[in-house]
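Asks:
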Ligand code: LLP
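Residue numbers (our numbering): 2 to 405.
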């Protein structure tokens, strides 16, 4: 994660060595960085002793989930596939929560049969289905109800989930109605209030607003929730000048919330656990010079990493080898896909780089590989886990044979 004698290293292995040994494009994750992120997350919220359920959607690689389990986290899943892989990584069912607006009956049956901690229901119809399944099996199933607090997360519109125009959760009014209707059910037990207002949140203020709505609804309902699931959303620093979430302020807000409401807190972080632990190692296929800018055409593309094309996200792109010579011209890093939006980043004043050089796209550990596709019939990249001097393949590069 730093330059040693001008070469970029991930733990003790240089990006160039990875490129040579495993080919490009390749996703590379640092074992150490994941461990540090988990320990830091735990430390920041130590006083409230939360149950931390890693959001599997951000990175569902089995080996990464093995680390998540090894370091003591549970899982937040949103499909049968994610539930299966979390169980395969030996994450205990009593540490798994299941979220999502459209769980199918098959998914609900499966989750119930696995006795996971709780299912976060997002509509009355879903609760009816859960109750039916529970009744047929003569079981009492633990559920949470997701609240839509109508709170602006002050993040990208496309990754905001907590406003009334979003499909997620139930309005305060509906939440209270449903709570009242189902709190005495013989087949479901409402043990959790859940909420998640969005992703890449870098200010504690939206969380404060969200907690105020939660506080109010608890007061109004006079209901005792065993768990309050606050979701994830903690942002990371993609750009040097962007700001960081003040965890101590968020922690204090929760502490004061808990003084009046004695519940166990659940978090569902994804990005803050794995985001900055992943790198996409790519090679420069060509450099095309024009009067106004140089196009740096990489061998990775929007099918490998869609965040820039989909959200306008900016991921730093670092050279694998430093060069003191600067070129003061616009550089546009693009992929080879036949779409104008297949563009990673535009920078000025980049160092001198050449065709064949290796570059490192940073902070791609979350919502990177999981969002990759075979668009343009391009095989998906390999995934590599680096632990000190050891680099091992955790997903083989897709072969064209397997996709044709
Ligand atoms: N819990 C729920 C219910 C969620 O919907 C999400 C993310 C999380 C937890 C985890 O949020 P995190 O801690 O990672 O922010 N693909 C987008 C992000 C989509 C987030 C979807 N939900 C991106 O690349 O920015």
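Glycine residues also receive a C-beta, built at the ideal position from the N, C-alpha and C atoms.
#1: Quick check: the Cα distance between residue 218 and residue 286, rounded to an integer number of angstroms?
#2: For ligand 1, any of its heavy atoms closer than 7 Å to the Cβ of residue 170?
#3: Have a look at the DSSP bridge pairing and note the partners of residue 280.
#4: By how many angstroms is the C-alpha of residue 61 removed from the C-alpha of residue 331?
#5: Our contact map puts residue 360 next to residue 306 with C-beta atoms below 8 Å; I'd like the distance itself, whole angstroms only.
#6: Compute the minimum distance between the beta carbon of residue 270 and the heavy atoms of ligand 1, and state whether it is under 7 Å.
#7: In angstroms with no decimal places, state the Cα-to-Cα distance between residue 159 and residue 312.
#8: Report yes if the C-beta distance between residue 267 and residue 228 is below 8 Å; otherwise report no.
#9: Assuming residue 95 and residue 109 make a contact with CB atoms under 8 Å, what is their CB distance in whole Å?
#10: Who are the near neighbours of residue 412 in its chain, counting only those whose CB is closer than 7 Å to its CB and skipping five residues on each side?
#11: Pull up the distance between the alpha-carbon of residue 315 and that of residue 203, whole angstroms please.
#12: Can you give, in chain order, each stretch of the alpha helix (DSSP H) that sits fully within the stretch 96-151 and has at least 4 residues?
#13: What separation, rounded to the nearest whole angstrom, lies between the Cα atoms of residue 9 and residue 188?
#14: My guess is that residue 380 and residue 393 are in contact by the Cβ rule of under 8 Å, so how many angstroms apart are they, rounded?
#15: Enumerate in chain order the residues of its own chain whose CB-to-CB distance from residue 385 is below 8 Å, with the five nearest sequence positions on each side excluded.
#16: Please list the terminal residues of the continuous alpha helix (DSSP H) segment that includes residue 258.
#17: Which of the three DSSP states, helix, strand or coil, is assigned to residue 94?
#18: Is residue 315 near ligand 2, with its Cβ less than 7 Å from a heavy atom?
#19: Less than 8 Å between the CB atoms is what I'm expecting for residue 74 and residue 54, so what's the real figure, rounded?
#20: I need the boundaries of the alpha helix (DSSP H) containing residue 7, first residue and last residue.
#21: Using only the alpha-carbon positions, how far apart do residue 97 and residue 37 sit?
#22: The beta strand (DSSP E) that contains residue 173, what's its start and end?
Replies: Well, looking at it:
#1: 56 Å
#2: no
#3: 29 and 363
#4: 36 Å
#5: The Cβ separation is near 13 Å, so there is no contact.
#6: yes
#7: 7 Å
#8: yes
#9: That belief does not hold up - the Cβ atoms of residue 95 and residue 109 are roughly 18 Å apart, past 8 Å.
#10: Residue 412 is absent from the structure shown; the chain starts at 2 and stops at 405.
#11: 15 Å
#12: 106-114 and 125-137
#13: 57 Å
#14: 20 Å between Cβ atoms; not a contact.
#15: 19, 23, 27, 28, 29, 30, 392, 393, 394 and 395
#16: 248-261
#17: helix
#18: In terms of ligand content, the structure shown lacks ligand 2 and carries ligand 1 instead.
#19: 7 Å
#20: Neither: residue 7 is in no alpha helix (DSSP H) and is coded neither H nor E.
#21: 22 Å
#22: Unbroken run through residue 173 is the alpha helix (DSSP H), 173-183; no beta strand (DSSP E).
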